[in-house]
Amino acid sequence: MRLRAGYAGEALLLLGFSLAALALRQVNLVWAPSYTDESREVLWAIQIYQGSHYPLTGCDPYLGPIFPYLLALLFHVFGLNLVIPRLTIAVFGALTVPVVYLLARQTGSRRVALAAAGLTLVSPMLTTWISHKAFSAGLTPFFVALTLASLSAAVARPRSGLLECSGVLAGLTLQTHPTSAAVLLGAVVWFLRQPSVGSRWRQAALWRAITLFGLAYSPLLVANLRPDSPLLAVYRVRESHNQLPNLAEYTQSVLLLLKDTLYLVGGGLPPTTPLVRLMIGLSGVALMVGLGLLWRRGHLLIPYVFIATLLTLPLLVRQSSYYYFAFLAPLGYIAIAYGVKQGLEWLRMWLAVVSSGRLKRLPLRLALNGAFAVLVGGVGVYSVGTIVRHYQYLAQQDLTNAAYFELLAVLRQNGACGDRLFLADLGEDWATVAEAEAHYGLWAIEHALILDQCGATSTTAAALEQRLAAQQDAWLIVPDPHSDRFSAGLRLESVARVTLPPIVAQRLPVGVYRVTLRPR
Numbered sequence: 416m417r418l419r420a421g422y423a424g425e426a427l428l429l430l431g432f433s434l435a436a437l438a439l440r441q442v443n444l445v446w447a448p449s450y451t452d453e454s455r456e457v458l459w460a461i462q463i464y465q466g467s468h469y470p471l472t473g474c475d476p477y478l479g480p481i482f483p484y485l486l487a488l489l490f491h492v493f494g495l496n497l498v499i500p501r502l503t504i505a506v507f508g509a510l511t512v513p514v515v516y517l518l519a520r521q522t523g524s525r526r527v528a529l530a531a532a533g534l535t536l537v538s539p540m541l542t543t544w545i546s547h548k549a550f551s552a553g554l555t556p557f558f559v560a561l562t563l564a565s566l567s568a569a570v571a572r573p574r575s576g577l578l579e580c581s582g583v584l585a586g587l588t589l590q591t592h593p594t595s596a597a598v599l600l601g602a603v604v605w606f607l608r609q610p611s612v613g614s615r616w617r618q619a620a621l622w623r624a625i626t627l628f629g630l631a632y633s634p635l636l637v638a639n640l641r642p643d644s645p646l647l648a649v650y651r652v653r654e655s656h657n658q659l660p661n662l663a664e665y666t667q668s669v670l671l672l673l674k675d676t677l678y679l680v681g682g683g684l685p686p687t688t689p690l691v692r693l694m695i696g697l698s699g700v701a702l703m704v705g706l707g708l709l710w711r712r713g714h715l716l717i718p719y720v721f722i723a724t725l726l727t728l729p730l731l732v733r734q735s736s737y738y739y740f741a742f743l744a745p746l747g748y749i750a751i752a753y754g755v756k757q758g759l760e761w762l763r764m765w766l767a768v769v770s771s772g773r774l775k776r777l778p779l780r781l782a783l784n785g786a787f788a789v790l791v792g793g794v795g796v797y798s799v800g801t802i803v804r805h806y807q808y809l810a811q812q813d814l815t816n817a818a819y820f821e822l823l824a825v826l827r828q829n830g831a832c833g834d835r836l837f838l839a840d841l842g843e844d845w846a847t848v849a850e851a852e853a854h855y856g857l858w859a860i861e862h863a864l865i866l867d868q869c870g871a872t873s874t875t876a877a878a879l880e881q882r883l884a885a886q887q888d889a890w891l892i893v894p895d896p897h898s899d900r901f902s903a904g905l906r907l908e909s910v911a912r913v914t915l916p917p918i919v920a921q922r923l924p925v926g927v928y929r930v931t932l933r934p935r
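All letters in the sequence shown, in the order written, are residues 416 to 935 by the numbering used here.
Here it is as structure tokens:
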């Protein structure tokens with residue numbers, strides 16, 4: 416009975432952690448940051464939902480279809496809604512917290528696991544950035560932690576079927592983003608070094624796990640293992656611009672990745688203030704101590720994953736981005752919690768020696784346990800403060816999504832929503848009139864229009880000429896309908912521009928026009 420009560424209390428605590436993590440992620444979830452190329456992934460899912468496309472990959476051929484099909488399913492259940500894509504990522508971000516607890520319990524005490532889960536709960540980068548954009552890579556931290564937890568448990572309980580489950584999870588993890596291959600490499604090396612891996616039963620389970628991994632990853636294999644592979648086409652284009660780094664470049668990339676990892680676990684911010692620099696430094700020390708202790712005590716899974724990621728990720732990507740290695744944050748928090756706990760244990764032993772027994776064991780242990788709670792709590796307070804500051808910054812600086820929503824309101828008020836609303840893509844002309852990242856703006860507007868059920872068709876001027884019958888009214892969202900490029904094949908019989916609110920005029924390089932068009 417006491418054991419059951421303990422598990423029930425643990426489950427309730429983790430549920431509370433997950434709900435708190437989800438609540439933190441709801442702040443400005445749709446409003447900030449602004450939509451960029453995440454819209455490509457959402458529009459890919461909308462095509463699946465509408466039945467016009469059933470792809471075997473994500474919108475990029477190196478991404479699996481797990482995220483767009485999941486969104487399409489949610490659209491079928493709840494309808495098209497602006498909240499669903501980012502809310503889906505936020506939910507998986509919140510679920511990462513209990514999964515980190517399960518993984519930490521494989522290598523540490525309950526205190527270490529609770530501390531690691533708590534640090535994941537208030538992680539500034541995972542909360543304000545990774546969980547606020549509807550990218551497939553936003554699922555990677557969850558699936559990485561779940562795969563490693565399953566694999567670690569499979570070694571401890573060989574005949575539980577968890578090894579086969581790990582194979583499925585590994586395939587799904589690799590679907591979320593190819594950089595997770597670094598994690599799987601480290602995990603495979605760790606598993607092959609286990610003493611029992613050579614047993615007859617283990618070999619049979621391993622082959623089943625490999626088969627299930629292949630099935631879980633099979634959509635990408637089927638799509639890309641052919642002569643006209645879209646992935647090979649992308650690789651050839653990128654390889655022509657980005658050759659493999661030489662030794663000096665590779666070393667520099669490894670060091671840069673290590674520095675960015677310290678920023679990631681220390682708050683995800685550059686060291687602009689003494690407090691931030693102090694927290695990054697302390698986090699880095701605790702991380703290295705924790706990884707060293709895990710290695711020394713034979714808990715090699717997380718150290719192997721860190722080493723594999725640091726050594727192989729610079730070969731997979733040439734530019735450092737938190738999205739490429741955010742999965743290291745939960746693993747780093749486990750190592751940090753382990754390092755802090757062990758550091759306090761060393762302090763207890765040292766105090767016991769220098770005090771020559773004058774300090775009683777129980778009060779000293781209670782005091783150090785309290786110090787552990789204070790340290791972890793202090794990091795939590797600092798992290799929540801960082802989250803609040805980041806949200807305040809976004810509210811002041813990033814108003815693009817608010818401009819999209821104001822644009823939707825204008826379209827509805829003027830009766831523009833419907834089959835004759837066209838988003839005209841002017842290609843390079845769009846980029847010349849746009850601000851930074853506004854080449855994603857057309858996708859973002861289409862994303863907002865479709866999910867808001869306003870209705871719009873993305874098109875080019877040449878395609879619009881073919882679609883419109885002679886002398887038909889239409890609504891256009893373009894920077895300028897009088898552009899030579901746009902009006903080359905069309906004659907504008909009449910043009911009426913809709914007055915846009917200041918926030919739209921300032922943030923979006925477009926206008927809304929009601930026009931009557933005739934082919935030239």
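We put the beta carbon where it would ideally sit given N, CA and C, even for glycine.
Just so you know, these numbers come straight off a predicted model, no measurement behind them.
Range covered by the alpha helix (DSSP H) that runs through residue i
{"i": "A817", "result": "815-828"}
{"i": "I504", "result": "499-520"}
{"i": "T727", "result": "716-731"}
{"i": "V445", "result": "Run containing V445: none; DSSP gives neither H nor E here."}
{"i": "C580", "result": "577-591"}
{"i": "Y465", "result": "At residue 465 the sequence reads Gln, which differs from the Tyr that was named. Counting along the chain, the alpha helix (DSSP H) containing Q465 begins and ends at 453-465."}
{"i": "Q921", "result": "917-922"}
{"i": "Y739", "result": "737-740"}
{"i": "I481", "result": "481-493"}
{"i": "T555", "result": "555-571"}
{"i": "A596", "result": "596-607"}
{"i": "G533", "result": "525-536"}
{"i": "I695", "result": "689-711"}
Which residues DSSP lists as bridging residue i, in chain order
{"i": "S873", "result": "L838"}
{"i": "A911", "result": "R929"}
For residue j and residue i, the rounded distance between their alpha carbons
{"i": "E425", "j": "L578", "result": "25 Å"}
{"i": "W890", "j": "L907", "result": "12 Å"}
{"i": "L690", "j": "A531", "result": "22 Å"}
{"i": "A831", "j": "S698", "result": "53 Å"}
{"i": "L427", "j": "V512", "result": "13 Å"}
{"i": "R804", "j": "V570", "result": "42 Å"}
{"i": "R440", "j": "S524", "result": "28 Å"}
{"i": "M694", "j": "Y797", "result": "9 Å"}
{"i": "Y753", "j": "G696", "result": "17 Å"}
{"i": "E654", "j": "V732", "result": "Low confidence applies here, because E654 scores a pLDDT of 49, under 50, leaving its location unreliable and the question unanswered by this model."}
{"i": "L517", "j": "L864", "result": "41 Å"}
{"i": "A509", "j": "W622", "result": "33 Å"}
Span of the beta strand (DSSP E) around residue i
{"i": "D675", "result": "It is not in any beta strand (DSSP E) - D675 instead sits in the alpha helix (DSSP H) that spans 662-680."}
{"i": "L891", "result": "887-893"}
Sequence-distant residues of its chain with Cβ nearer than 7 Å to residue i (five each side left out)
{"i": "E852", "result": "Residue placement at E852 is flagged as unreliable, the pLDDT there being 43, under the threshold of 50; a coordinate-derived value is accordingly withheld."}
{"i": "D867", "result": "L497, L823"}
{"i": "V559", "result": "T588, S595, V598, F742"}
{"i": "G793", "result": "none"}
Nonlocal neighbours in the same chain, by C-beta distance under 8 Å from residue i, ignoring five residues either side
{"i": "I722", "result": "G601"}
{"i": "K756", "result": "G523, S524, R526, V527, A530, F787"}
{"i": "V506", "result": "L437"}
Proximal residues to residue i (C-beta, below 6 Å), its chain only, five neighbours per side dropped
{"i": "Q590", "result": "G479, I481"}
{"i": "V919", "result": "A818, E821, L822"}
{"i": "Y928", "result": "L891, P896, V910, R912"}
{"i": "L599", "result": "A585"}
{"i": "W544", "result": "none"}
{"i": "N829", "result": "V913"}
{"i": "L923", "result": "A818"}
{"i": "A460", "result": "P483, L486, A487"}
{"i": "T872", "result": "F837"}
{"i": "L826", "result": "C832, C869"}
{"i": "L376", "result": "The structure shown does not extend to residue 376, since the chain spans only 416 to 935, so no value can be given for it."}
Among the options, nearest to residue i - alpha-carbon criterion
{"i": "T588", "options": "L566, T562, V603, L923", "result": "T562"}
{"i": "V500", "options": "S551, A435, S698", "result": "Rather than Val, the amino acid found at residue 500 in this sequence is Pro. Checking every option, the nearest Cα to that of P500 belongs to S551."}
{"i": "L671", "options": "L489, S736, Y719, K756", "result": "S736"}
{"i": "P593", "options": "F490, A624, L702, D475", "result": "D475"}
{"i": "L630", "options": "V598, G582, T724", "result": "G582"}
{"i": "L636", "options": "K548, Y808, T472, L826", "result": "T472"}
{"i": "A859", "options": "F432, V442, E453", "result": "E453"}
{"i": "R455", "options": "A447, A549, Q828", "result": "A549"}
{"i": "A624", "options": "A663, V680, L566", "result": "L566"}
{"i": "A620", "options": "C580, L640, P634, R608", "result": "C580"}
{"i": "L536", "options": "L725, Q465, A435", "result": "A435"}
{"i": "G494", "options": "Y464, P556, V514", "result": "Y464"}
CB contact below 8 Å: residue i versus chain B
{"i": "L587", "result": "The structure shown contains no chain B, having only a single protein chain."}
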